[in-house]
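Residue numbers (UniProt numbering): 1 to 838.
We put the beta carbon where it would ideally sit given N, CA and C, even for glycine.
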């Protein structure tokens, strides 16, 4: 097998599918008290390490962006010869550069260490901000403002995306409020700093006060950027100040919260954009964020607006501080209540109506006290609402990581176009009352409230549709039974409706009245039991370790599931296909010829197995079209994902009674908690033992006992990934509790089962598995957030092609085979290395 040794292994981005299953099960079984204590311990660390840096960074980000409004109260316009709408253009040009870099920078962030990426961006924008002090002309100001926006672009969406990689949806709103409070604090401190600099440094060393303002704030930013690059945390799996248990638990929380784990590089950028724009809600969220930012454009003119109260430059800057401090406090309060009540829309609507009142009062009155009160209401409403809006966007597109990143960036990018033209809402010529700006702000704030109401109604409608298809609640308590004869009769619509329910909400179903003949099935079971009765030396003649194709006999306890040995003995057979050629990819060695037992030792075995596998394969071949029909897809929708011929795998499994009680404490397992990786699995339970258990969405284990005359069919990860999580691959296991081997006062003996795994093309790659599902089918997943972990798992473990992931899973499950035929692959896989090629 020198050709095998010469093969190079392909990279695996995440590690083993089994590790994720083991991680989920390890924490899913913990008590509520344990989770509460562990969450408190974890969040205490995360909050102290992540939030202070992000708040400080955003304060400086907004300060460097908005200090032009303070500089305007100095001699900026006079020194640079600005007049008319020149200031408006200088304000808006920043957002042109900001928008151009927004999406590419945020997608790049999913592939680069966040601390380094955001730290470098911060250092560059700090240097450009300081360089504004050296400009001598209006054109120089325009150029520096453009490039300042260009390098500031990565920070805001990148920071939100980073936080959503640490916090659950319920936790995120309040954390984003603390983070976004940096803008309010920047306006407050900016006014105080501006007052101090313009009042005390103007003319010092022959330098104008507004130039000192740019120098001081830019230098501070550069200094903080160095600390950020060193101390800002990245993702849970790569954070040194968490121990191994905390790292694992941090990942599990996100997996449990949204149904899948965050994995860097798990989805291509092209696929991420496709996922985002296929979700029609993104267009409403873009409109919401755009109008919300438009309603806040007064921030860039706020000192000028406040100056209309009749105060001098320094006094004006000092007066702005309490407005923004009040906004800061209100924002913390409302985002806290938003998180506690799990509500976004009603909070946004109420806050925007506060802003409407502020805009109206500021416009219609000339009373100094009333106008000052209105200037409190405008930011307290609009700015506080925006903090909830950005959390709403992140929560509504939770996983995968790159889809969430793209959604945040797109909404923020298009939303910020409002700042390009919105700056012209406040021309100098409309002062001192600024009627046009105040009126427009009030009208736009009302529009924001209206859009939030529309999104609320859309989500209510989606939830209602899910309730209609899932009347019994979000978790099943039994396995449905489908009648295959209906699929071939006028009752087919009834069958398809039942099939859709099982696909979406359960992931398992019994199938009765199959076309598999009773005679074929009984002969196969009889010969299979005879096979296990062969002497050990006869079994070892076809031991799997002798086959580079993972086919043959496996001794008791040799296969591993969920990182633990299974208490089972088995034979693996498959559709008879030739071994791959020497120039084919290494992963294609999962396909190859069977090892057959000596025909003289067990006459008729091969014939009976071939007959049974052929009939099950024929049944399996009918299901892709039926599933397509159930999902309102063309009947041929899945044709592209199968090879011709397609290899299906048949396991013959014997579960001996364990020597002692097999439960979580004893360590024995028939098969550990797992999800199958193929398209569908067709299981024949050959004996009356209970033992197969299926886990519902609440973590409860539901028994799937044998029902005479049926097969148990379950969905694999491949089908789940193909349907974007609509079809559910459900966790299951085989329990070896003593009572499962007893009947009355007697023993049932060993348990036997015979699963057939319907495979898909080994060469199937991630860019070929995205089906265009109808909108009403995609809507079956509640808020597009209730999904299993198949998408992240599939696109990582099967990164590049499904064959690569299948090969690595086989090597690590059958480590004796891996040690003999693929030792380098096995060694690197067990060490968690991700640089091997297959």
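Tell me which residues share the same chain as residue i and place their Cβ nearer than 6 Å to its Cβ, disregarding the 5 neighbours each side in the sequence.
| i | result |
| --- | --- |
| residue 496 | 629 and 630 |
| residue 675 | 717, 729 and 731 |
| residue 392 | 344 |
| residue 798 | With a pLDDT of 42 at residue 798, under the threshold of 50, the modelled position of that residue is not reliable, and no figure is offered here. |
Shortest alpha-carbon distance to residue i belongs to which of the options?
| i | options | result |
| --- | --- | --- |
| residue 356 | 448, 678 and 325 | 448 |
| residue 178 | 113, 390 and 82 | 390 |
| residue 286 | 116, 37, 414 and 219 | 414 |
| residue 580 | 828, 410 and 592 | 592 |
| residue 758 | 724, 717 and 321 | 717 |
| residue 597 | 215, 530 and 438 | 530 |
| residue 321 | 771, 187 and 443 | 187 |
| residue 182 | 62, 231, 252 and 348 | 62 |
| residue 588 | 671, 761 and 607 | 761 |
| residue 410 | 453, 124, 773 and 158 | 158 |
| residue 329 | 298, 215, 377 and 282 | 377 |
| residue 193 | 296, 319 and 250 | 319 |
| residue 670 | 440, 247, 747 and 658 | 658 |
| residue 360 | 73, 801, 506 and 437 | 437 |
| residue 36 | 250, 156, 412 and 240 | 250 |
| residue 284 | 325, 208, 397 and 216 | 397 |
In angstroms with no decimal places, state the Cα-to-Cα distance between residue i and residue j.
| i | j | result |
| --- | --- | --- |
| residue 138 | residue 369 | 37 Å |
| residue 527 | residue 516 | 17 Å |
| residue 488 | residue 336 | 56 Å |
| residue 226 | residue 53 | 11 Å |
| residue 815 | residue 477 | 36 Å |
| residue 81 | residue 212 | 19 Å |
| residue 233 | residue 43 | 13 Å |
| residue 189 | residue 180 | 15 Å |
| residue 828 | residue 340 | 45 Å |
| residue 824 | residue 812 | 12 Å |
| residue 461 | residue 174 | 27 Å |
| residue 818 | residue 567 | 20 Å |
| residue 383 | residue 706 | 60 Å |
| residue 882 | residue 358 | Nothing can be reported for residue 882: it is not among the residues displayed for the chain, which extend from 1 to 838. |
| residue 617 | residue 576 | 12 Å |
| residue 692 | residue 733 | 6 Å |
| residue 435 | residue 425 | 10 Å |
| residue 554 | residue 541 | 11 Å |
| residue 291 | residue 444 | 6 Å |
| residue 539 | residue 533 | 9 Å |
| residue 87 | residue 41 | 49 Å |
| residue 65 | residue 238 | 32 Å |
| residue 68 | residue 363 | 24 Å |
| residue 114 | residue 120 | 10 Å |
| residue 73 | residue 387 | 29 Å |
| residue 861 | residue 296 | This structure leaves residue 861 out entirely; the chain is present only between 1 and 838. |
| residue 334 | residue 118 | 28 Å |
Per DSSP, residue i is paired with what?
| i | result |
| --- | --- |
| residue 442 | Per DSSP, none; premise fails for residue 442. |
| residue 356 | DSSP output for residue 356 lists no bridge partner at all. |
| residue 703 | 693 |
| residue 552 | 572 |
| residue 734 | 671 and 692 |
| residue 712 | 510 and 683 |
| residue 753 | 653 and 685 |
| residue 481 | 510 |
| residue 543 | 553 |
| residue 758 | 680 |
CB-CB under 8 Å to residue i, same chain, minus the five flanking residues each way: which ones, in chain order?
| i | result |
| --- | --- |
| residue 142 | 89, 90 and 93 |
| residue 116 | 229 |
Report all residues from its chain with a CB closer than 7 Å to the CB of residue i; omit the five preceding and five following residues, and keep chain order.
| i | result |
| --- | --- |
| residue 394 | 160, 164, 172, 404 and 408 |
| residue 511 | 482, 484, 710, 711 and 713 |
| residue 514 | 484, 619 and 711 |
Fill in: Contact the region 747 to 758 vs the region 683 to 693: 3+ CB pairs below 8 Å
yes
Practice prompt. Say whether the region 146 to 166 touches the region 119 to 129, bearing in mind that this needs 3 or more beta-carbon pairs closer than 8 Å, one atom from each stretch.
Written response: yes
Fill in: Given 8 Å, three or more beta-carbon pairs between the region 203 to 221 and the region 337 to 357
no
Worksheet entry | the region 516 to 525 in contact with the region 597 to 615 per 3-pair CB rule at 8 Å | yes
Item to complete: Flag this pair as touching only if the region 537 to 556 and the region 717 to 726 have three or more C-beta atom pairs under 8 Å; answer yes or no.
Response: no
Worksheet item: Should the region 370 to 382 be called in touch with the region 341 to 349, which here means at least 3 C-beta pairs below 8 Å?
Response: no
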